[in-house]
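Contents: one structure, followed by commentary.
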Amino acid sequence: MRLHTQYAKSSMGLSDNHYNRGLGRDAPKFKLWRSAGLMLTYKCNAACEFCYYHCGPDKGGLMPVETCLAAWRSLRTLAGNEARIHLTGGEPFLYWDHLVEILREGRRQNLGPVDLIETNGFWATEEQLIAGRLSTLAALGMQRLKISVDPFHQEYVDIEPVRALAAAAKRLLGPDRVLVRWEKYLRGEGVSPLDVARASWPCSFVAWASSPGSIGRMPMPQDAGETPTTRKGGTPSPREKMYIEAYRDYPFRFSGRAARQLAQLIIDAGSLMIEKEASDPISIHQSSIINHPCLSGFLGAKGVHIDPYGNVFSGTCSGIILGNINQTPLEEIWENFDPRRSGLVGTLCARGPHGLLEPAQALGYQARPAYADKCHLCTHIRQFLFEHGQDASVLGPRDCYA
Numbered sequence: 040m041r042l043h044t045q046y047a048k049s050s051m052g053l054s055d056n057h058y059n060r061g062l063g064r065d066a067p068k069f070k071l072w073r074s075a076g077l078m079l080t081y082k083c084n085a086a087c088e089f090c091y092y093h094c095g096p097d098k099g100g101l102m103p104v105e106t107c108l109a110a111w112r113s114l115r116t117l118a119g120n121e122a123r124i125h126l127t128g129g130e131p132f133l134y135w136d137h138l139v140e141i142l143r144e145g146r147r148q149n150l151g152p153v154d155l156i157e158t159n160g161f162w163a164t165e166e167q168l169i170a171g172r173l174s175t176l177a178a179l180g181m182q183r184l185k186i187s188v189d190p191f192h193q194e195y196v197d198i199e200p201v202r203a204l205a206a207a208a209k210r211l212l213g214p215d216r217v218l219v220r221w222e223k224y225l226r227g228e229g230v231s232p233l234d235v236a237r238a239s240w241p242c243s244f245v246a247w248a249s250s251p252g253s254i255g256r257m258p259m260p261q262d263a264g265e266t267p268t269t270r271k272g273g274t275p276s277p278r279e280k281m282y283i284e285a286y287r288d289y290p291f292r293f294s295g296r297a298a299r300q301l302a303q304l305i306i307d308a309g310s311l312m313i314e315k316e317a318s319d320p321i322s323i324h325q326s327s328i329i330n331h332p333c334l335s336g337f338l339g340a341k342g343v344h345i346d347p348y349g350n351v352f353s354g355t356c357s358g359i360i361l362g363n364i365n366q367t368p369l370e371e372i373w374e375n376f377d378p379r380r381s382g383l384v385g386t387l388c389a390r391g392p393h394g395l396l397e398p399a400q401a402l403g404y405q406a407r408p409a410y411a412d413k414c415h416l417c418t419h420i421r422q423f424l425f426e427h428g429q430d431a432s433v434l435g436p437r438d439c440y441a
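Quick note: to get the numbering used here, add 39 to the position in the sequence shown (first position is 1).
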């Protein structure tokens with residue numbers, strides 16, 4: 040698709056950022072954002088244990104079409120024809136008509152193609168439905184489809200519709216336009232059948248999750264005195280072993296929901312030496328946490344995620360708000376970013392999450408004996424600060440902390 044001339048080449052350079060202008064030639068610069076993941080909603084039919092954004096059936100939000108388009112236009116201003124937009128959630132296919140409207144309006148405004156749309160494939164129950172939706176997405180300019188397949192999603196999504204979707208997408212779009220995360224699990228390796236996975240959840244949760252019209256607060260396993268990672272006598276359950284294997288095969292950050300039971304499981308696995316390859320727990324006093332500022336992560340982030348309410352997050356740092364596109368255009372948020380500023384983001388850039396520890400402890404925060412990684416430390420402290428009303432302009436929204 041031919042782009043408007045105004046988008047063909049970025050009109051912005053590194054020197055347009057306030058921080059960059061004061062740096063020497065060889066100093067690391069704050070990179071232009073070239074990608075944006077538009078989170079259409081926090082609502083999802085799954086509540087995966089490793090979800091960075093705490094998505095689930097009880098969450099909400101729906102990004103207005105114009106908000107999507109504004110972010111899309113701003114990214115074009117920042118990155119020109121190198122801009123990459125992907126649509127995600129939550130689960131964007133919960134709002135199929137809304138998704139299509141965004142694509143149609145973006146096409147009408149000549150904003151270019153959408154690079155990627157993500158789904159867990161829960162909806163792919165009929166061959167005709169799959170073919171029809173894939174054809175619509177392709178006609179509206181979707182470049183690639185990304186399908187989530189892993190032990191965490193498959194506790195909520197039957198693998199057979201996902202396999203049908205992956206096969207149809209590779210056939211209709213071509214294999215180069217289909218990303219499966221991960222193929223190993225699509226083949227059924229390391230994934231429990233849905234009925235087996237659900238057998239260990241409380242009946243109240245299974246009934247709720249099985250109802251497509253579920254509303255209100257989602258009953259979770261802990262409501263019945265259980266968690267997905269309940270340890271008994273120090274011996275990992277089959278589910279826990281599956282989680283440990285998944286982490287070993289495809290390591291993930293311990294932020295969002297992953298900073299809860301899942302992080303503790305990995306800590307326990309390391310300290311108990313269940314598997315010799317398991318990660319060792321990190322003490323709050325270790326240099327790997329103390330001497331690990333986040334500056335390079337913020338400066339080098341290739342893109343952002345923007346949630347349904349317009350909040351901008353760097354990379355996958357959910358719940359740390361850099362700005363809101365409903366108040367300030369994305370390109371201006373990029374222009375004004377300065378890691379030297381005071382406040383939570385400045386502390387993270389200068390000292391890492393360990394820099395948040397002392398002020399949190401002054402408010403009553405009690406450090407854990409160990410953390411799975413520095414993201415676990417950061418998320419755990421931020422959860423405490425959020426619950427105590429601290430840094431309200433930066434820590435949010437509630438969806439990321441509930």
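For each residue, glycine too, the CB sits at the ideal point set by N, CA and C.
Being a predicted model, the structure only gives us computed values, none of them experimental.
Extent of the continuous alpha helix (DSSP H) to which residue i belongs
{"i": "residue 425", "result": "413–426"}
{"i": "residue 344", "result": "Unbroken run through residue 344 is the beta strand (DSSP E), 342–345; no alpha helix (DSSP H)."}
{"i": "residue 205", "result": "198–212"}
{"i": "residue 307", "result": "300–310"}
{"i": "residue 280", "result": "277–288"}
{"i": "residue 442", "result": "Shown here, the chain extends from 40 to 441; a query on residue 442 therefore has no answer."}
{"i": "residue 60", "result": "57–60"}
DSSP state of residue i mapped onto helix, strand, coil
{"i": "residue 394", "result": "helix"}
{"i": "residue 431", "result": "coil"}
{"i": "residue 357", "result": "coil"}
{"i": "residue 295", "result": "helix"}
{"i": "residue 95", "result": "strand"}
{"i": "residue 382", "result": "coil"}
{"i": "residue 104", "result": "helix"}
{"i": "residue 66", "result": "coil"}
{"i": "residue 272", "result": "Caution applies to residue 272, whose pLDDT of 48 falls short of 50 and renders its modelled position unreliable; the value that the coordinates give is listed next. Coil at residue 272, not helix or strand."}
{"i": "residue 249", "result": "For residue 249, the predicted model reports a pLDDT of 45, less than 50, meaning its position is unreliable and no value from the coordinates is stated."}
{"i": "residue 228", "result": "coil"}
Residue span of the beta strand (DSSP E) that contains residue i, given as start and end
{"i": "residue 435", "result": "No beta strand (DSSP E) holds residue 435; DSSP gives it neither H nor E."}
{"i": "residue 76", "result": "74–78"}
Rounded straight-line distance, which links the Cα of residue j to that of residue i
{"i": "residue 13", "j": "residue 300", "result": "A question about residue 13 goes unanswered here, because the residues of the chain that appear run from 40 up to 441."}
{"i": "residue 216", "j": "residue 160", "result": "16 Å"}
{"i": "residue 213", "j": "residue 183", "result": "9 Å"}
{"i": "residue 289", "j": "residue 407", "result": "25 Å"}
{"i": "residue 352", "j": "residue 194", "result": "28 Å"}
{"i": "residue 178", "j": "residue 63", "result": "47 Å"}
{"i": "residue 381", "j": "residue 399", "result": "16 Å"}
{"i": "residue 358", "j": "residue 391", "result": "16 Å"}
{"i": "residue 371", "j": "residue 97", "result": "33 Å"}
{"i": "residue 221", "j": "residue 378", "result": "35 Å"}
{"i": "residue 135", "j": "residue 401", "result": "47 Å"}
{"i": "residue 185", "j": "residue 157", "result": "5 Å"}
{"i": "residue 113", "j": "residue 278", "result": "43 Å"}
{"i": "residue 409", "j": "residue 99", "result": "33 Å"}
{"i": "residue 324", "j": "residue 226", "result": "42 Å"}
{"i": "residue 314", "j": "residue 308", "result": "Interpretation of residue 314 is limited by its pLDDT of 41, a score under 50 that renders its predicted location unreliable; the figure taken from the coordinates is listed afterwards. Answer to the nearest angstrom: the Cα atoms are 7 Å apart."}
{"i": "residue 189", "j": "residue 224", "result": "6 Å"}
{"i": "residue 166", "j": "residue 203", "result": "8 Å"}
{"i": "residue 86", "j": "residue 94", "result": "6 Å"}
{"i": "residue 55", "j": "residue 68", "result": "11 Å"}
{"i": "residue 386", "j": "residue 92", "result": "22 Å"}
In DSSP terms, what residue i is bridged to
{"i": "residue 322", "result": "409"}
{"i": "residue 220", "result": "187"}
{"i": "residue 352", "result": "344"}
{"i": "residue 367", "result": "Paired residue(s): none; residue 367 is not in a bridge."}
{"i": "residue 82", "result": "95"}
{"i": "residue 362", "result": "351"}
beta-carbon residue i near the ligand FMN non-hydrogen atom, thresh 7 Å
{"i": "residue 296", "result": "With respect to small molecules bound, the structure shown includes none, and the ligand FMN cannot be examined in it."}
Any chain D beta carbon closer than 8 Å to residue i
{"i": "residue 283", "result": "Among the protein chains of the structure shown there is no chain D, as only one such chain exists."}
Going residue by residue through the region 106–178, where are the continuous alpha helix (DSSP H) segments of at least 4 residues, counting only ones entirely within it? If we require 4 residues or more, the alpha helix (DSSP H) runs fully inside the region 106–178 come out as 135–147 and 166–178.
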